[in-house]
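Colleague: Note that the protein sequences, when read in sequence, are chains A and B. Here the working numbering is used: the first sequence runs in plain steps of one and ends on residue 368. Here the working numbering is used: the second sequence runs in plain steps of one and ends on residue 576. Positions of the beta carbon are idealized from the N, C-alpha and C atoms, including for glycine. Sharing a structure here in structure tokens format.
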Amino acid sequence: MGKLSAEERLNAAIGFEHTDRIPCAPLIENYAARFAGISYHDYYYNSDKGFAAFAVLKERYPIWDIRRSFYVGSYGPSLNKIGSVKSKMPGVDLPENYDRQVYEVEVMSRQDYKLIVRKGYKAYTDEYCRRAHGASDEDILQGYATKLQVHLDEIKEAEKEGQAYLYGASLVFAADRLSLARSFTEFIRDMYQIPERLIEAIALTNEAQIQENKELVKKTGISRVMIGLARMGGQFFSLPVFEKFIWPFLKKMIVEFIEAGITPVLHLDTDWGLTLPYFLEVPKKKMILELDGSTDIFLAKKTLDGHSCLLGDVPSTLFTVGTAEKVSQYCRRLLEEVGAGGGFILSSGCSLPSEAEHSNVEAFFHSL
Amino acid sequence: MSQKLVDAMADLDEDLVLSEVKALLGQNVPALEIISYLQEGMGIVGKRFEEKEYFLSELIMSAEVFNVASELLGGAGGGAANSKYGTFVMGTIYDDIHDIGKNIVTTVMSSNGFNVVDLGVDVPTAKYIEAIKTHKPKAIGISCLLTTCFDNVKECIEAIEKEGLRDSVKVLIGGGPVDEATCKYVKADHVCKNAQQTVEYCKKYMEV
Chain A
1 MGKLSAEERL
11 NAAIGFEHTD
21 RIPCAPLIEN
31 YAARFAGISY
41 HDYYYNSDKG
51 FAAFAVLKER
61 YPIWDIRRSF
71 YVGSYGPSLN
81 KIGSVKSKMP
91 GVDLPENYDR
101 QVYEVEVMSR
111 QDYKLIVRKG
121 YKAYTDEYCR
131 RAHGASDEDI
141 LQGYATKLQV
151 HLDEIKEAEK
161 EGQAYLYGAS
171 LVFAADRLSL
181 ARSFTEFIRD
191 MYQIPERLIE
201 AIALTNEAQI
211 QENKELVKKT
221 GISRVMIGLA
231 RMGGQFFSLP
241 VFEKFIWPFL
251 KKMIVEFIEA
261 GITPVLHLDT
271 DWGLTLPYFL
281 EVPKKKMILE
291 LDGSTDIFLA
301 KKTLDGHSCL
311 LGDVPSTLFT
321 VGTAEKVSQY
331 CRRLLEEVGA
341 GGGFILSSGC
351 SLPSEAEHSN
361 VEAFFHSL
Chain B
369 MSQKLVDAMA
379 DLDEDLVLSE
389 VKALLGQNVP
399 ALEIISYLQE
409 GMGIVGKRFE
419 EKEYFLSELI
429 MSAEVFNVAS
439 ELLGGAGGGA
449 ANSKYGTFVM
459 GTIYDDIHDI
469 GKNIVTTVMS
479 SNGFNVVDLG
489 VDVPTAKYIE
499 AIKTHKPKAI
509 GISCLLTTCF
519 DNVKECIEAI
529 EKEGLRDSVK
539 VLIGGGPVDE
549 ATCKYVKADH
559 VCKNAQQTVE
569 YCKKYMEV
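Here it is as structure tokens:
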């Protein structure tokens, strides 16, 4: 087999087809900033400097072929106008070279679910932005416009570097999104105390997100949507709760995206071991599951072999307190066992930490 | 004995818990006795969690129900005087402002009979040391969600040792990226992957 382009290699992995090699897609942007020697403030607030940092890292590790990036979602000028969480930012709320930190407060009340029912999800998120970020209507419009422009710019930058850009759009799954607005504990109380009202809000949010992101991928030209599921996994919820509040809506979203020719990329934080078999209910060879090191990826391989492409999952602690030899050993095991028969993309488990040992990052890339 | 209250607590039936607490109060049952029923129910919640019948959401909800019931009893559920197991000090390490995990642990620990001293987030080493000297806990918890803060946890534990306090206190660590390798690196005693593990470890260690 000849050398494939990054996009061809990525699509072959998703479809369990033969590839010239396993694709490489670390979530590495914060490390890139440190590697290039720029401050986190510059990185988050100056996209030219941010993209230049990626270019420096790409030059050092040319095998990095898939740009899996949350840069757009953490870009300072739009984040604190339209972000789905509140963040403390370097050079603004934190020292110049501290990394961004997310924090959660109860911004929306139980009564605000009515806003989704009466006026729609967009009205709810706009109200969130007003309360959480103090954003005006003009700020909100400008925030979305800035975000889209930076997204398009980054896609161009990735293409220039010969990389395939993974996320044509990204969203925070409905239940997760509402839990961020309510705060997690209050959201749990809603699950038990007003389940029907919550389910109605989740269903409407889900539907709006499906339509919104179908439109967004047309604008970016990349038919893949990242679905963020930070705390909806089996570690948090029993199966009856998962089946009531999460799976019916997640399944609907996955199926509708696939039917529209869009590849769902599920970002599964925490341990999803118990809920892995549910994914067999959706069409095979059409989806990527991103695992963060908490889910047993070898169990996921057994459960979903030939069905869903796995992406992961070198744990963050291995990059920081591990050794190059241990990183190499783990990567080899991933490549041999999870990569057998295709359907695998090598990556860090969630973010590759900014303070990772350089020798460990080198061992990661050199494992391919 | 109110098996009805124990079962309602274990089943997270908030309405039934509250009505039963009110009924028992109406019968002049002492608040501390009612609390003991609630704690027995919490014990069943913990058992169901270990058996994977309950998960984190049930654990959070049980603590919430317990707290609401405690309020009916004038807050009799917390405080050093009523603590069965003694004091547990908890905070998120300095430079880290995450509070969800810490809050879950403090709430669940409190509802399981521990007197909890919550130091908040972004807690400097000096504050942990002061809390150990003041409250004399048998165990402390350090929450850390950022790999960039592992060295802060390490420094904090080293400082506790330099103060001559390390032998008197078990240091538990927790948080998303924290694992056994981290535990070894920062020289903590134990990693708790969730609130219930903290309860179980501390019950075994702190029970008098």
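May I ask you to verify whether the segment 168-187 of chain A touches the segment 215-228 of chain A, counting CB pairs closer than 8 Å and requiring at least 3?
Modeller: Contact between the segment 168-187 of chain A and the segment 215-228 of chain A is present, because at least three Cβ pairs lie under 8 Å.
Colleague: Taking DSSP as the reference, what is the three-state secondary structure of V172(A)?
Modeller: By 1-based counting over the first sequence, the position of residue 172(A) is 172. Here V172(A) sits in strand by DSSP.
Colleague: For my contact list, F237(A) and I246(A) are in at a C-beta cut-off of 8 Å; report their separation, rounded to the angstrom.
Modeller: The sequence position of residue 237(A) within the first sequence is 237, counting from 1. The sequence position of residue 246(A) within the first sequence is 246, counting from 1. Yes, they are in contact, since the Cβ atoms of F237(A) and I246(A) sit about 7 Å apart, within 8 Å.
Colleague: Closer than 7 Å by C-beta to I254(A): which residues in its own chain qualify, once you throw out the five before and the five after it? Chain order, please.
Modeller: Residue 254(A) sits at position 254 when you count from the first residue of the first sequence. Cβ within range, chain order: P264, V282 and M287.
Colleague: When DSSP labels each residue in this structure, what does S367(A) get in the three-state scheme?
Modeller: The sequence position of residue 367(A) within the first sequence is 367, counting from 1. S367(A) sits in coil when the DSSP states are folded into three classes, being neither helix nor strand.
Colleague: When the Cα atoms are used, what is the spatial distance from L346(A) to E498(B)?
Modeller: In the first sequence, counting from the first residue as 1, residue 346(A) sits at position 346. In the second sequence, counting from the first residue as 1, residue 498(B) sits at position 130. C-alpha separation (whole angstroms): 46 Å.
Colleague: Does any residue of chain B bring its CB to less than 8 Å from the CB of M89(A)?
Modeller: As a first step, residue 89(A) must be located in the first sequence, where it is residue number 89. Chain B contact via Cβ: absent.
Colleague: Spatial neighbours of K506(B) within its chain, please: CB distance less than 7 Å, with the 5 preceding and 5 following residues excluded, ordered by chain position.
Modeller: Position 138 of the second sequence holds residue 506(B). Only G454, V537, K538, Y573 and M574 meet the Cβ criterion.
Colleague: Establish whether the CB of F327(A) and some CB of chain B are separated by less than 8 Å.
Modeller: Numbered from its first residue, the first sequence carries residue 327(A) at position 327. Sequence check: residue 327(A) is Val here, not Phe. Chain B, which has no Cβ nearer than 8 Å to the Cβ of V327(A), makes this no.
Colleague: Looking at the C-beta of H558(B), does it have a partner C-beta in chain A at a distance below 8 Å?
Modeller: Reading the second sequence from its first residue, position 190 is the one you call residue 558(B). So, not an interface residue.
Colleague: Report the residue from T320(A), R224(A), E336(A) and A363(A) whose alpha carbon sits nearest the alpha carbon of E357(A).
Modeller: Along the first sequence, one-based indexing puts residue 357(A) at 357. Comparing Cα positions, the closest option is T320(A).
Colleague: Name the DSSP bridge partner or partners of P264(A)?
Modeller: As a first step, residue 264(A) must be located in the first sequence, where it is residue number 264. DSSP, once it has assigned bridges, lists V225(A) as partnering P264(A).
Colleague: From Y496(B) to G509(B), what distance separates their C-alpha atoms?
Modeller: Against the second sequence, residue 496(B) aligns to sequence position 128. Against the second sequence, residue 509(B) aligns to sequence position 141. Spanning the two alpha carbons is a distance of roughly 10 Å.
Colleague: Which residues of the segment 228-243 of chain A have a Cβ closer than 8 Å to any Cβ of chain B? Give them in chain order.
Modeller: G234, Q235, F236, F237, S238 and V241
Colleague: Go through its chain and collect everything with a Cβ distance to Y98(A)'s Cβ below 7 Å, but skip five positions before and after it.
Modeller: In the first sequence, the residue the question calls residue 98(A) occupies position 98. Same-chain partners within the cutoff: Y40 and P90.
Colleague: In its own chain, which residues sit with a C-beta less than 7 Å from the C-beta of L115(A), not counting the 5 before and 5 after it?
Modeller: Against the first sequence, residue 115(A) aligns to sequence position 115. Within the same chain, L115(A) has close Cβ partners A123, Y124 and E127.
Colleague: Strictly under 8 Å for the Cβ-Cβ distance: is F184(A) near chain B by that measure?
Modeller: For this step, residue 184(A) is matched to residue 184 along the first sequence. It does; some Cβ of chain B falls within 8 Å.
Colleague: From the DSSP secondary-structure annotation, give me the bridge partner or partners of N483(B).
Modeller: As a working note, residue 483(B) is residue 115 in the second sequence. T455(B), per the DSSP bridge assignment.
Colleague: What residues from chain B crowd round R189(A), counting only those whose CB sits closer than 8 Å?
Modeller: Within the first sequence, residue 189(A) is the residue found at index 189, counting from 1. In chain order: M429 and E432.
Colleague: With respect to the beta strand (DSSP E) encompassing F279(A), which residues constitute its N-terminal and C-terminal limits?
Modeller: By 1-based counting over the first sequence, the position of residue 279(A) is 279. Element bounds for F279(A): n/a, residue is neither H nor E.
Colleague: Would E401(B) count as contacting chain A if we go by Cβ distances under 8 Å?
Modeller: In the second sequence, counting from the first residue as 1, residue 401(B) sits at position 33. Output row for E401(B): interface = no.
Colleague: Does the count of Cβ pairs from the segment 39-59 of chain A and the segment 371-382 of chain B closer than 8 Å reach three?
Modeller: no
Colleague: Would you list, in chain order, the members of the segment 307-318 of chain A that have their beta-carbon closer than 8 Å to a beta-carbon of chain B?
Modeller: P315, S316, T317 and L318
Colleague: Going along the chain, which residues of the segment 461-473 of chain B sit with their C-beta nearer than 9 Å to a C-beta in chain A?
Modeller: For the segment 461-473 of chain B, the set of residues with a beta-carbon nearer than 9 Å to any beta-carbon of chain A comprises D463, D464, I465, H466, D467, I468, N471 and I472, in chain order.
Colleague: Are the beta-carbon atoms belonging to N520(B) and T475(B) less than 8 Å from one another?
Modeller: Numbered from its first residue, the second sequence carries residue 520(B) at position 152. Numbered from its first residue, the second sequence carries residue 475(B) at position 107. Cβ atoms of N520(B) and T475(B): not closer than 8 Å.
Colleague: Is it buried or exposed, R332(A), if we count other Cβ atoms within 10 angstroms and call 16 or more buried?
Modeller: Position 332 of the first sequence holds residue 332(A). R332(A) comes out exposed.
Colleague: Between S316(A), E355(A) and T146(A), which has its C-alpha nearest P400(A)'s C-alpha?
Modeller: Shown here, chain A extends from 1 to 368; a query on residue 400(A) therefore has no answer.
Colleague: Since V489(B) and I465(B) should fall inside the 8 Å C-beta cutoff, what is the C-beta to C-beta distance between them, to a whole number of angstroms?
Modeller: Within the second sequence, the letter at position 121 stands for residue 489(B). Within the second sequence, the letter at position 97 stands for residue 465(B). Their Cβ separation, rounded to whole angstroms, is 5 Å, which keeps V489(B) and I465(B) in contact under 8 Å.
Colleague: Measuring CA to CA, which of T270(A), S183(A), T303(A) and M226(A) is closest to N471(B)?
Modeller: Position 103 of the second sequence, counted from the first residue, corresponds to residue 471(B). Taking only the C-alpha atoms, the option nearest N471(B) is S183(A).
Colleague: Ends of the alpha helix (DSSP H) at S87(A)?
Modeller: Walking along the first sequence from the start, residue 87(A) turns up at place 87. That residue, S87(A), is in no alpha helix (DSSP H); its beta strand (DSSP E) goes K86 to K88.
Colleague: Identify which residue in I66(A), E104(A), N80(A) and H133(A) has its Cα closest to the Cα of G162(A).
Modeller: Within the first sequence, the letter at position 162 stands for residue 162(A). The option with the nearest alpha carbon to G162(A) is I66(A).
Colleague: Does K51(A) come out as helix, strand or coil in the three-state DSSP assignment?
Modeller: Translated into the one-based positions of the first sequence, residue 51(A) becomes position 51. The sequence shown places Phe at residue 51(A), not Lys. Of the three classes helix, strand and coil, the one that applies to F51(A) here is helix, per DSSP.
Colleague: Determine the contact status of L185(A) and E382(B), defining contact as a CB-CB distance below 8 Å.
Modeller: Position 185 of the first sequence holds residue 185(A). Position 14 of the second sequence holds residue 382(B). Sequence check: residue 185(A) is Thr here, not Leu. For T185(A) and E382(B), no; Cβs fall outside 8 Å.
Colleague: Quick check: the segment 550-558 of chain B against the segment 518-533 of chain B, are there 3 or more CB pairs under 8 Å?
Modeller: yes
Colleague: Within the 8 Å Cβ cut-off, does V576(B) reach chain A?
Modeller: Residue 576(B) sits at position 208 when you count from the first residue of the second sequence. Note that V576(B) scores a pLDDT of 46, beneath 50, so its modelled location is shaky; the value from the coordinates is reported in the next line. By the rule that beta-carbons nearer than 8 Å mark a contact, V576(B) does not touch chain A.
Colleague: Opposite D313(A) in the DSSP bridges: which residues?
Modeller: What you label residue 313(A) is simply residue 313 of the first sequence in a count that begins at 1. DSSP lists S347(A) as partners of D313(A).
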